[in-house]
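Just so you know, the protein sequences line up as chains A and B, in that order. At position 116 of the first sequence (counting the first as 1) the number is 1609 in the working numbering, and the numbers step up by one without a gap. At position 187 of the second sequence (counting the first as 1) the number is 694 in the working numbering, and the numbers step up by one without a gap. Below is one structure, written out as structure tokens, with a few remarks after it.
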Amino acid sequence: MAVRPRLRGAALLGAVPFLVYVAIFLIIPTLVVAIGAFTGDGGHGFTLDNVRALGDEYILAAFGRSVLLSALSALFGAVFGALLAYALSTAKPGGLLRRTVTAASGVLAQFGGVTLAFAFLATIGISGFVTVWLQEHAGVDIYANGVWLFELPGLTLVYTYFQIPLMVIVFLPALDGIRPQWREATENLGGTTWQYWTRVAGPLLAPAFLGSALLLFANAFSAYATAAALVSQGNPIIPLQIRGALTSEVVLGQANLGKAMALGMVVVVAVVMTLYSLLQRRTARWLG
Amino acid sequence: MAGVIARRARKQRAFRWTVLILLGVFFLLPMAAMLEFSTRTAGTWSLLVDWPKLNETYPDLAAGIVASLEQAGLTALLMLVLLVPTAIWVRLRLPRLRPLVEFLCLLPLTIPAIVLVVGLAPVYAWVTYFLGGSSLTLVFAYTVLVLPYAYRAIDAGLSAIDVKTLAEAARGLGAGWFTVMWRVVLPNIRSAVLSAAFLTVALVLGEFTIASLLHRTNLQVAIEFLGKSSATMSVAVSLTALLLAFVLLLLLSLFGDSRKRKT
């Protein structure tokens, strides 16, 4: 037993490759962003200029649009996803329907980026399948008031496509935690369906629903590829503003502003994810 | 009571099918539209299965496909080499380090890829200096990107078995640490390792952010580039990539199912 301390020192060596790797490719990039956000563009000296520049009108507007897009797509995703999850939870457990939809949700939740953008271009793009069909058969021009696909409404619709399946995946376990005995108990005590949902199941599911919605928000807030492939003109949301700062480093004073915006994104995501894990813990108390 | 239950079951069935059909249309419509769109120009699909001709007509796309496949394979390899021995070692010999390793592995979840790319730019200036600007160098960043998913899969696999007892038994019979990992623990977490590798491949094949902003190529970058010149072809490739991801992840979920049923 006396050799233990020496051995532990040697044992530490076993973790070194992993720690070094993570230090180079995860910790250093994180520090580059965190420190760069407070560094002048000359490369030296502490400054609050970059962080202060986040208050500029166009950046605040981009942050606002990002939050709006994430909130709306999280809301739609959470509501429709919860409905779908409930529909699944009433199906036969382990049945074909449930297994298929859950597996498909797992795939579709990962389906984002360029392919998703192109899917929607083929559907409701200017010469898309649905656009053309509606024009020819129903005489409806969905873009009568301008093309909204490449703006906030379009982005919200496209994001909802991967938000609903994600909601199904994260919310279904909570619904499965609801025991039929609780409904029976409510009925034995003379409760109605309405009372069961508002007094028993509702309060039990509320933390899980809210937590899942927060996860969806963070998911949409950090998404970049879908928007980048869809929006080529202008940078309406924060991830695209960062793209602008990264690709136009010729513009003086942009490099570290990009880092400040990146730091802002991390702060938002970190706050949302902390709330999510708090709610998750609360959910686990009853529905774990 | 029986009447109430039957009525509820009927109502639930009606609700279930209404929701499924409405959302089913929403989810299948874009795919049907992709299929319709990609068949507008004749010969798009036949070109996709004719590799030499594809290579000739769209060299960028072919290069992107090759780059993505190589990246996916190498990332899975690097992830396994880096993560599996560390996860086992930490469980056996450094239990106090486990919270740190877990924290580091899950950290990329709170760092959006677009943020990571901002910080990676200077690191990649060095990578380019030492290793050149090849698209394969993206493997380093991708390994970080897949860390949370791979770690959770492998950690779940390790939690399901008694690593300590297995290792002690093997050590007691005179096995070295390498033998313990390679011949004792690894065969026991084979399905966890497989699902980690599958997830890695699926994620890497879909990656766009880092490749595009670090000026390297892969499948998604090539599709995006192609979209500017040949919309039909890019939609056809998108649909193919999507179906490929479908197959990969469906296989994965089947693996997951059989694992759950066993325990």
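Quick reminder that beta carbons are idealized off the backbone N, C-alpha and C, glycines included.
Between residue i and residue j, which are expected to be in contact by the criterion C-beta below 8 Å, what is the C-beta distance as a whole number of angstroms?
i                 : j                 : result
Arg723 (chain B)  : Ser642 (chain B)  : 4 Å
Ala1722 (chain A) : Ala1610 (chain A) : 4 Å
Val526 (chain B)  : Leu1576 (chain A) : 5 Å
Ala709 (chain B)  : Val691 (chain B)  : About 29 Å; that fails the 8 Å criterion.
Ser1705 (chain A) : Ala1571 (chain A) : 6 Å
Leu721 (chain B)  : Val624 (chain B)  : 7 Å
Leu1665 (chain A) : Leu1733 (chain A) : The Cβ separation is near 33 Å, so there is no contact.
Ala1755 (chain A) : Val622 (chain B)  : 4 Å
Arg598 (chain B)  : Leu665 (chain B)  : 6 Å
Thr1583 (chain A) : Arg514 (chain B)  : That belief does not hold up - the Cβ atoms of Thr1583 (chain A) and Arg514 (chain B) are roughly 14 Å apart, past 8 Å.
Leu1656 (chain A) : Ser1566 (chain A) : Inspection of the sequence shows that residue 1656 (chain A) is occupied by Gln rather than by Leu. Confirmed, about 5 Å.
Val630 (chain B)  : Phe1518 (chain A) : 7 Å
Arg578 (chain B)  : Leu638 (chain B)  : Residue identity check: residue 578 (chain B) is Gln in the sequence provided, not Arg. Not confirmed; about 14 Å, so no contact.
Thr707 (chain B)  : Ala1718 (chain A) : Actually they do not touch by this definition, with Cβ atoms about 18 Å apart.
Leu733 (chain B)  : Leu568 (chain B)  : 6 Å
Val711 (chain B)  : Thr582 (chain B)  : 5 Å
Starting from residue i, trace the alpha helix (DSSP H) both ways and give me its first and last residue.
i                 : result
Gln1674 (chain A) : Pro1673 to Asn1681
Trp689 (chain B)  : No alpha helix (DSSP H) holds Trp689 (chain B); DSSP gives it neither H nor E.
Gln578 (chain B)  : Pro566 to Arg600
Phe1643 (chain A) : Looking at the DSSP string, Phe1643 (chain A) is not in any alpha helix (DSSP H), and its letter there is neither H nor E.
Val1623 (chain A) : Phe1622 to Trp1626
Ile1735 (chain A) : Ile1731 to Thr1740
Ala620 (chain B)  : Ala620 to Leu638
Tyr1514 (chain A) : Val1509 to Val1515
Phe1613 (chain A) : Gly1606 to Ile1617
Pro1696 (chain A) : Gly1695 to Ser1715
Pro655 (chain B)  : Leu645 to Ser666
Lys671 (chain B)  : Val670 to Gly679
Tyr1579 (chain A) : Glu1550 to Ser1582
Arg1749 (chain A) : It should be noted that the sequence gives Asn, not Arg, for residue 1749 (chain A). Unbroken alpha helix (DSSP H) run through Asn1749 (chain A): Ala1748 to Leu1780.
Pro615 (chain B)  : Neither: Pro615 (chain B) is in no alpha helix (DSSP H) and is coded neither H nor E.
Ala1721 (chain A) : Ala1718 to Leu1723
Gln727 (chain B)  : Leu726 to Gly734
Ser719 (chain B)  : Thr716 to Leu720
Gln1603 (chain A) : Leu1589 to Gln1603
Thr551 (chain B)  : Thr551 to Val556
Thr546 (chain B)  : It is not in any alpha helix (DSSP H) - Thr546 (chain B) carries neither H nor E in the DSSP assignment.
Taking the alpha-carbon of residue i as reference, which of the options has the nearest alpha-carbon?
i                 : options                                       : result
Ala628 (chain B)  : A:Val1761, A:Gly1751 and A:Gly1605            : A:Gly1751
Pro1646 (chain A) : A:Leu1733, A:Leu1703, A:Gly1587 and A:Pro1729 : A:Pro1729
Val1600 (chain A) : A:Pro1658, A:Ala1575 and A:Thr1616            : A:Pro1658
Gln519 (chain B)  : A:Tyr1579, A:Arg1591 and A:Val1663            : A:Tyr1579
Ala674 (chain B)  : B:Ala709, B:Ile661, B:Glu609 and B:Trp596     : B:Trp596
Gly1557 (chain A) : A:Ala1753, A:Phe1714 and A:Gly1737            : A:Phe1714
Ala1508 (chain A) : B:Pro615, B:Pro655 and B:Leu607               : B:Leu607
Ala1678 (chain A) : A:Tyr1689, A:Leu1581 and A:Ser1566            : A:Tyr1689
Phe1618 (chain A) : A:Ala1555, A:Leu1642, A:Leu1524 and A:Leu1733 : Inspection of the sequence shows that residue 1618 (chain A) is occupied by Gly rather than by Phe. Closest by alpha carbon: A:Leu1642.
Trp1779 (chain A) : A:Phe1569, A:Pro1700, A:Ser1563 and A:Ile1528 : A:Pro1700
Gly1574 (chain A) : B:Val754, B:Ala667, B:Gly531 and B:Leu756     : B:Gly531
Pro1510 (chain A) : B:Ala682, B:Gly639 and B:Leu585               : B:Leu585
Ala1763 (chain A) : B:Phe715, B:Ala729 and B:Pro619               : B:Pro619
Ala1602 (chain A) : A:Val1761, A:Gly1533 and A:Ile1662            : A:Ile1662
Gly1502 (chain A) : B:Arg603, B:Leu733 and B:Val573               : B:Arg603
Ser1644 (chain A) : A:Val1724, A:Gly1533, A:Ala1667 and A:Arg1676 : It is worth fixing the name first, because residue 1644 (chain A) is Glu in this sequence and not Ser. Here the closest residue by C-alpha is A:Val1724.
Phe1569 (chain A) : A:Val1759, A:Phe1702, A:Met1766 and A:Ser1741 : A:Phe1702
Tyr1654 (chain A) : A:Gly1548, A:Ala1716, A:Leu1668 and A:Ala1631 : A:Ala1716
Leu1562 (chain A) : A:Ala1720, A:Leu1771, A:Ser1741 and A:Leu1768 : A:Ala1720
Trp689 (chain B)  : B:Lys735, B:Gly713, B:Leu587 and B:Leu568     : B:Leu587
So if DSSP puts residue i in a beta bridge, which residue, or which two residues, is it bridged to?
i                 : result
Thr1532 (chain A) : A:Phe1539
At a CB-CB cut-off below 8 Å, which residues of chain C make contact with residue i?
i                 : result
Arg1736 (chain A) : The structure shown contains no chain C; its protein chains are A and B.
Nearer than 8 Å: is that true of the beta carbon of residue i relative to any heavy atom of the ligand FAD?
i                 : result
Leu1659 (chain A) : Absence of the ligand FAD from the depicted structure is noted, as is the absence of any ligand whatsoever, leaving it without description.
Say whether the region 548-555 of chain B touches the region 736-743 of chain B, bearing in mind that this needs 3 or more beta-carbon pairs closer than 8 Å, one atom from each stretch. Yes: at least three Cβ pairs fall under 8 Å.
Take every Cβ of the region 688-706 of chain B, pair it with every Cβ of the region 579-599 of chain B, and state whether three or more of those distances are shorter than 8 Å. Counting Cβ pairs under 8 Å, three or more are found: they touch.
Is there contact here, the region 645-658 of chain B with the region 1531-1550 of chain A, by at least three beta-carbon pairs under 8 Å? With a cut-off of 8 Å, the region 1531-1550 of chain A and the region 645-658 of chain B do not count as touching, because too few Cβ pairs lie within range.
Does the region 1618-1628 of chain A come close enough to the region 1593-1607 of chain A that 3 or more CB-CB pairs lie under 8 Å? Fewer than three Cβ pairs drawn from the region 1593-1607 of chain A and the region 1618-1628 of chain A lie within less than 8 Å of each other, which leaves the two stretches out of contact.
With three or more beta-carbon pairs closer than 8 Å as the criterion, would you say the region 536-548 of chain B touches the region 744-758 of chain B? Contact between the region 536-548 of chain B and the region 744-758 of chain B is present: 3 or more CB-CB pairs across the two stretches fall below 8 Å.
Check whether the region 532-541 of chain B touches the region 1687-1706 of chain A, taking contact to mean three or more Cβ pairs, one atom from each stretch, closer than 8 Å. In short, these stretches do not touch, since the Cβ pair count stays below three.
At a cut of 8 Å, does the region 1631-1639 of chain A reach the region 1706-1713 of chain A through at least three beta carbon pairs? Flag = no, the region 1631-1639 of chain A and the region 1706-1713 of chain A do not touch.
Taking contact to mean 3 or more Cβ pairs, one atom from each stretch, closer than 8 Å, check whether the region 703-721 of chain B and the region 657-664 of chain B are in contact. In short, these stretches touch, since the Cβ pair count reaches three.
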